[in-house]
Amino acid sequence: MTENKKRTYAIALLVAVALIFYGIWGLLKPKTQTGSKSIVIEVKDDQELTKKYDMKTDAEYLSEAMDELRKTSDFTYDGGTGEYGMYITAINGLTADYEKDQAYWAIYVNGEYGQYGADQQPVADKDTFSFVYEIYE
Amino acid sequence: MSKKTGPVLDLVQIAAMTAVLEAAKFLLNALPNVELVTVLLMVYTVHFGTRKAMCSALLFALLESIWWGISIWTVTYFYVWPLLVIVTAMIPKSESAFMYIVLAAAYGLLFGMLCSLTTLVLSGWKAAVAWWVAGIPYDLIHCVSNGIVAAVLFRPLVHALEKLN
């Protein structure tokens, strides 16, 4: 096989796999719900005190609902974007410093440990999202 | 290619290689899905040989675990980076830099899938697939950024190390 042919096949294979992955993502990505939804956002801090926010939102993803909530209440958050999406470093002024004591903010969706970051977590009507300050053990 | 060296020099080289990996990771921490670890480990494998590159990859995984604590993603480092060294070593030395660039891009694309193997073991296939699928857009970025980084740096780094010899 000539060098040029080999290069063409290698690039074609890479692009094909990338397109297949993109297709899989399109088919299996978490589905969102449009329109108005009533949801609850809870914050459980390091003292295990829980603060509850009831809200109505058109947000399709949790991060959008969080942005709305911080405009209309005392809810605050800080975070950034990592290798696999958004991560949260502080909520309501409480910083979870993983480097210091392996603390992090976990997201629970209707009581189940969340599979997605806040920017990929779909919002459905009657959902309860809990941000829980946890220490990795 | 690597010269015959004594064990002390080998240790010094491996320590320096690992320090460069750590520094490169730290420098680009702020840029999600853009990293130099892939291209550096490929360069190490080509120039210093599989044994030293493997030692450096494992030492890097160990240091990351000490620094960040043992977690799912630090555990993945113990097989993801050594696997890259093995795959790089399988490319014939006669190949042009192009195949290494393709490998770097492919590794970025498959990175999430490889990392999800830990989730598969710990939480089952449903959680692993959900985790992998959620990360596909980031893997696509990783693929493109790895390809660009390798296209820019692979050959110059190999040449620079050859000159140092």
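As you go down the protein sequences, you meet chains A and B in turn.
Counting in our numbering, the first sequence runs from 898 upward without gaps.
Counting in our numbering, the second sequence runs from 683 upward without gaps.
We treat Cβ as the ideally placed atom computed from N, Cα and C, and that holds for glycine.
Residue i, buried or exposed, once every other Cβ within 10 Å from all chains shown has been counted against 16
| i | result |
| --- | --- |
| ILE768/B | exposed |
| LEU785/B | buried |
| MET683/B | Its pLDDT being 49, under 50, MET683/B is placed unreliably in this model, and the value from its coordinates should be taken loosely. MET683/B is exposed by the Cβ-count criterion. |
| MET772/B | exposed |
| GLN944/A | exposed |
| LYS941/A | buried |
| GLU1009/A | exposed |
| THR954/A | buried |
| GLU717/B | buried |
| TRP763/B | buried |
| THR992/A | exposed |
| ALA842/B | exposed |
| SER798/B | buried |
| ASP994/A | exposed |
| GLY860/B | Only positions 683 to 847 of chain B appear in this structure, which leaves residue 860/B out of reach. |
Residue i: contacting residues in chain A (beta-carbon distance under 7 Å)
| i | result |
| --- | --- |
| TYR782/B | Under the 7 Å cutoff, chain A gives no residues; its nearest Cβ is about 11 Å from TYR782/B. |
| SER753/B | TYR1033 |
| ALA809/B | GLN1012 |
Three-state secondary structure (DSSP) of residue i
| i | result |
| --- | --- |
| VAL937/A | strand |
| LEU713/B | coil |
| GLY979/A | strand |
| LEU991/A | strand |
| SER738/B | helix |
| ILE773/B | coil |
| ILE862/A | Nothing about residue 862/A can be reported from this structure: the residues present for chain A run from 898 to 1034 only. |
| TYR919/A | helix |
| MET683/B | With a pLDDT of only 49 at MET683/B, under the threshold of 50, the placement of this residue in the model should not be trusted; the figure read from the coordinates follows. Coil at MET683/B, not helix or strand. |
| TYR782/B | helix |
| TYR1013/A | coil |
Proximal residues of chain B, C-beta to C-beta of residue i below 7 Å
| i | result |
| --- | --- |
| LYS997/A | None at all; the shortest Cβ gap to chain B is about 11 Å. |
| ALA962/A | Per Cβ cutoff of 7 Å: no residues; ALA962/A is ~18 Å from chain B at best. |
| VAL1006/A | Going along chain B, no residue has its Cβ under 7 Å from VAL1006/A, so there is no contact; the nearest lies around 12 Å. |
| ALA915/A | LEU791, LEU822 and CYS825 |
| GLN1017/A | ALA816 |
Extent of the continuous beta strand (DSSP E) to which residue i belongs
| i | result |
| --- | --- |
| ALA701/B | Careful: ALA701/B lies outside any beta strand (DSSP E), inside the alpha helix (DSSP H) at 689-709. |
| THR947/A | 947-954 |
| THR931/A | Note, THR931/A: premise wrong, no beta strand (DSSP E); not H, not E. |
| TYR1005/A | 1000-1006 |
| THR1025/A | 1025-1032 |
Contacts of residue i in chain B (Cβ-Cβ under 8 Å)
| i | result |
| --- | --- |
| PHE1035/A | Since the first residue shown for chain A is 898 and the last is 1034, residue 1035/A is missing from the structure and cannot be characterised. |
| TYR1013/A | ALA812 and ALA816 |
| ALA907/A | PHE780, MET781 and VAL784 |
The alpha helix (DSSP H) enclosing residue i, as first and last residue numbers
| i | result |
| --- | --- |
| THR899/A | Here THR899/A belongs to no alpha helix (DSSP H), and DSSP marks it neither H nor E. |
| GLU965/A | 959-969 |
| VAL1020/A | From DSSP, VAL1020/A is part of no alpha helix (DSSP H); its letter is neither H nor E. |
| ASP821/B | 807-846 |
| LEU722/B | 719-730 |
Residue i: contacting residues in chain A (beta-carbon distance under 8 Å)
| i | result |
| --- | --- |
| ALA787/B | LEU911 |
| VAL815/B | ILE921, TRP922, LEU925 and LYS926 |
Interface partners of residue i on chain B, CB under 9 Å
| i | result |
| --- | --- |
| GLN944/A | Within chain B, no residue comes near GLN944/A; the closest Cβ sits about 23 Å away, beyond 9 Å. |
| ARG967/A | Here the premise fails: no neighbours, minimum Cβ distance about 23 Å. |
Cβ pair count under 8 Å reaching 3, the segment 745-759 of chain B against the segment 768-784 of chain B: Not touching, per the Cβ criterion.
The segment 691-710 of chain B / the segment 735-746 of chain B touching (three or more Cβ pairs under 8 Å): Taking 8 Å as the limit for Cβ pairs, the verdict is that the segment 735-746 of chain B does touch the segment 691-710 of chain B.
Any 3 or more C-beta pairs closer than 8 Å across the segment 923-940 of chain A and the segment 1013-1030 of chain A: Yes, the segment 923-940 of chain A is in contact with the segment 1013-1030 of chain A.
Touching by the beta-carbon criterion (3+ pairs, under 8 Å), the segment 914-921 of chain A and the segment 997-1008 of chain A: No, because fewer than three Cβ pairs between the segment 914-921 of chain A and the segment 997-1008 of chain A fall closer than 8 Å, the two stretches do not touch.
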